[in-house]
Amino acid sequence: MRVLSIGWVILGHTLMNAMTLSILANPNKILDFLSKPVAVIVLSGSFAVDTFFWISGFLVSYLLIIEINSPKKMNWLLIYVHRYLRIVPVYLFVILFSWALQKHMGNGPLWWNEYYYNNDCKKWWWTNILFINNLVPGWKGSNCLGQSWYLSDDMQFFIITPPIIYLYHKYNRYIGWGILTFFIGFSIIISGVIAHHFTLNAVGFAGTTWGDYYDYYYVKPYCRIGVYALGILTGIVVYSYRQYVHKQKHYDPIGVWIGKKLENKPIRFFIGLLGLALINIIIFVQYDSTKHPGPYMNFPHWTHEQNEAYVAFSRFVFGLGLTLLFLPALLGHFTWMAGFLSLDIWTPLARLTFCCYLVQSDIIDMIYHAQTSAVYLDNFLIFKDSTWYFMFCFLMSVPFVLLIEMPALAVEKLTFSSIRAKQVVEDEEKGKSLLTMKDKNAG
Numbered sequence: 001m002r003v004l005s006i007g008w009v010i011l012g013h014t015l016m017n018a019m020t021l022s023i024l025a026n027p028n029k030i031l032d033f034l035s036k037p038v039a040v041i042v043l044s045g046s047f048a049v050d051t052f053f054w055i056s057g058f059l060v061s062y063l064l065i066i067e068i069n070s071p072k073k074m075n076w077l078l079i080y081v082h083r084y085l086r087i088v089p090v091y092l093f094v095i096l097f098s099w100a101l102q103k104h105m106g107n108g109p110l111w112w113n114e115y116y117y118n119n120d121c122k123k124w125w126w127t128n129i130l131f132i133n134n135l136v137p138g139w140k141g142s143n144c145l146g147q148s149w150y151l152s153d154d155m156q157f158f159i160i161t162p163p164i165i166y167l168y169h170k171y172n173r174y175i176g177w178g179i180l181t182f183f184i185g186f187s188i189i190i191s192g193v194i195a196h197h198f199t200l201n202a203v204g205f206a207g208t209t210w211g212d213y214y215d216y217y218y219v220k221p222y223c224r225i226g227v228y229a230l231g232i233l234t235g236i237v238v239y240s241y242r243q244y245v246h247k248q249k250h251y252d253p254i255g256v257w258i259g260k261k262l263e264n265k266p267i268r269f270f271i272g273l274l275g276l277a278l279i280n281i282i283i284f285v286q287y288d289s290t291k292h293p294g295p296y297m298n299f300p301h302w303t304h305e306q307n308e309a310y311v312a313f314s315r316f317v318f319g320l321g322l323t324l325l326f327l328p329a330l331l332g333h334f335t336w337m338a339g340f341l342s343l344d345i346w347t348p349l350a351r352l353t354f355c356c357y358l359v360q361s362d363i364i365d366m367i368y369h370a371q372t373s374a375v376y377l378d379n380f381l382i383f384k385d386s387t388w389y390f391m392f393c394f395l396m397s398v399p400f401v402l403l404i405e406m407p408a409l410a411v412e413k414l415t416f417s418s419i420r421a422k423q424v425v426e427d428e429e430k431g432k433s434l435l436t437m438k439d440k441n442a443g
């Protein structure tokens with residue numbers, strides 16, 4: 001699923017860069033190209049990032065609940081340290097590469113543009129390693145490795161997840177559901193308010209509102225947390241239902257109830273089809289707007305109210321569609337879907353997706369800036385280039401994984417192993433002391 005999503009991201013970046021960075025033989029055909037139905041699929045590549053958020057929320061919640069229910073003592077600080085060390089080494093290297101080396105690695109009539117990319121790194125690189133570059137400076141964020149806004153959003157979501165899971169597990173299941181439902185509702189409301197205030201267009205790169213759309217809506221965690229919260233709730237339901245099936249334990253009554261309802265074949269097929277329908281509706285409903293790009297690519301066909309409603313609800317509806325479509329498979333149904341997503345071919349590629357995401361945008365930028373002849377914008381160009389970029393970006397991810405990410409993970413694993421071993425010894429010593437005290441008291 002992550003591999004397919006990164007492919008969608010690359011497809012979207014290919015079209016955006018082809019229109020804005022490349023030398024086109026037919027620039028007068030850009031508006032015609034955008035008005036075609038197939039362009040909607042490409043332009044909706046931003047929803048692929050919501051897929052990443054949903055997966056991340058699901059995995060974090062599911063694994064945390066397993067961990068918190070295990071007999072061993074949890075070290076909450078180590079959870080955060082592990083997450084930070086898992087990301088930062090390769091992240092810093094990619095920042096260094098894109099900031100200091102990238103501009104010296106090619107030439108061409110458009111290469112001068114490379115000197116303006118990632119210029120923010122000189123002043124604001126530290127916001128990246130603190131994972132606040134989606135907010136600082138000026139609440140707009142920096143453009144140091146522009147695609148890294150996703151990492152900041154994801155890290156900020158991760159920071160608040162363990163306390164939510166702790167409250168959910170320790171005190172009351174309904175507290176967890178209430179908090180997560182609040183986040184979903186808040187993300188919808190604040191997105192609508194921002195869309196209204198800045199008069200945002202449903203089409204993100206609409207010429208007149210693109211800057212505000214990106215700075216104040218697209219990269220902001222409070223606008224994107226809804227899908228992540230849906231992923232957390234999915235993890236809760238899956239864990240609860242599996243506990244019920246394998247141990248006859250009612251860990252979460254809501255989760256068990258949902259799981260039992262999906263045992264009914266007609267219900268789960270309806271739910272799956274509804275999820276698929278929601279995903280397609282939220283993607284293709286944009287065509288009513290994109291087929292009227294306007295002379296200045298400002299997509300004026302929809303009213304302000306229609307644009308605001310789409311901005312407010314689109315990511316929630318997409319995330320809800322993901323939940324309804326994949327939840328039955330995660331509960332043991334739709335085996336054909338689970339089998340396809342579990343094919344061996346995805347495993348090595350999934351291992352590379354993190355590094356691929358970090359490098360893909362800059363690689364595409366470099367190739368277009370090094371272009372020496374005009375190209376003809378059409379469906380074949382986008383298909384050909386995106387396929388090539390997909391393969392090349394994964395190939396370029398291999399040295400980053402082998403030379404930086406894996407060694408850093410090995411060092412981190414050794415360090416954590418020694419800390420855990422020390423903790424086990426300390427726990428054993430405490431246990432012995434308690435036994436000794438009991439023996440003395442008994443004597």
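All letters in the sequence shown, in the order written, are residues 1 to 443 by full-length UniProt numbering.
The beta carbon of each residue, even a glycine, is placed where N, CA and C say it ideally should be.
As the structure is a computational prediction, the values presented were derived from the model and not from experiment.
Asp32, buried or exposed, once every other Cβ within 10 Å from all chains shown has been counted against 16: exposed
Separation of Phe183 from Lys291, as counted between CA atoms: 34 Å
Rounded straight-line distance, which links the Cα of Leu43 to that of Phe284: 10 Å
Cα-Cα separation between Met297 and Ser314, rounded to whole angstroms: The alpha-carbon atoms of Met297 and Ser314 are separated by roughly 21 Å.
Residues sharing a beta bridge with Leu24, DSSP: Val375
Sufficient close CB pairs (3 or more, under 8 Å) joining the region 299-306 to the region 215-226: no
Within 8 Å, strictly: CB atoms of Gly231 and Gly57: yes
Closer than 8 Å to chain D by CB, Thr14: The chain labelled as chain D is not found in the depicted structure, where only one protein chain is given.
Every unbroken alpha helix (DSSP H) inside the region 217-291 [4 residues or more]: 221-247, 253-261, 265-284, 287-290
Proximity of Asn307 and Ala195 at Cβ, strictly below 8 Å: yes
Element boundaries [alpha helix (DSSP H), containing residue 452]: With the chain covering 1 to 443 only, the question about residue 452 has no answer from this structure.
Cβ pair Gly272, Val237 closer than 8 Å: no
Cα-Cα separation, residue 495 to Ile65: Any question about residue 495 goes unanswered here, given that the chain covers just 1 to 443.
Span separating the alpha-carbon of Pro137 from that of Trp124: 8 Å
Met19 to Tyr376 span [Cα, whole Å]: In a straight line, the C-alpha of Met19 is about 11 Å away from that of Tyr376.
6 Å CB neighbourhood of Ile41 in its chain, flanking five on each side removed: Take Ile41, set aside five residues on each side of it, and no residue of its chain has a beta-carbon closer than 6 Å to its own.
7 Å CB neighbourhood of Phe198 in its chain, flanking five on each side removed: Only Thr209, Asp212, Tyr216 meet the Cβ criterion.
Spatial distance of Tyr239 from Cys223 (CA atoms): Cα to Cα, the separation comes out at about 27 Å.
Alpha helix (DSSP H) runs wholly inside the region 339-414, at least 4 long, in chain order: 346-369, 379-400
7 Å Cβ shell around Thr14 - same chain, five flanking residues per side excluded: Result list for Thr14: Ile364, Ile382, Asp385, Ser386, Tyr389, in chain order.
C-beta atoms of Ser142 and Asp120 nearer than 8 Å: yes
Secondary structure of Asp212, DSSP reduced to three states: helix
Alpha-carbon to alpha-carbon, Leu101 and Asn107: 13 Å
Residue nearest to Ile282 in terms of C-alpha spacing, selected from Val256, Tyr310, Glu305, Glu263: Tyr310
Terminal residues of the alpha helix (DSSP H) in which Met155 lies: 149-170
Buried or exposed (CB count within 10 angstroms, at least 16 for buried), Gln248: exposed
Delimiting residues of the alpha helix (DSSP H) encompassing Gly204: Membership of Gly204 in any alpha helix (DSSP H) is not indicated, and neither H nor E is assigned to it by DSSP.
Cβ pair Ala408, Ser289 closer than 8 Å: no
Backbone CA spacing between Arg403 and Ala350 [nearest angstrom]: Before going on, a small fix: residue 403 reads as Leu here, not Arg. Distance between the alpha carbons of Leu403 and Ala350: 17 Å.
Thr127 versus Cys144: straight-line alpha-carbon distance, rounded: 9 Å
DSSP three-state assignment for Arg2, whether helix, strand or coil: Looking at Arg2 - three-state DSSP - the assignment turns out to be helix.
Presumed contact (8 Å Cβ cut-off) between Trp242 and Pro328, rounded CB distance: As written in the sequence, residue 242 is Arg, which differs from the Trp given in the question. Not confirmed; about 14 Å, so no contact.
Beta-carbon spacing of Thr234, Thr323 below 8 Å: yes
Run of the alpha helix (DSSP H) containing His304, from where it starts to where it stops: That run of the alpha helix (DSSP H) goes 304-330.
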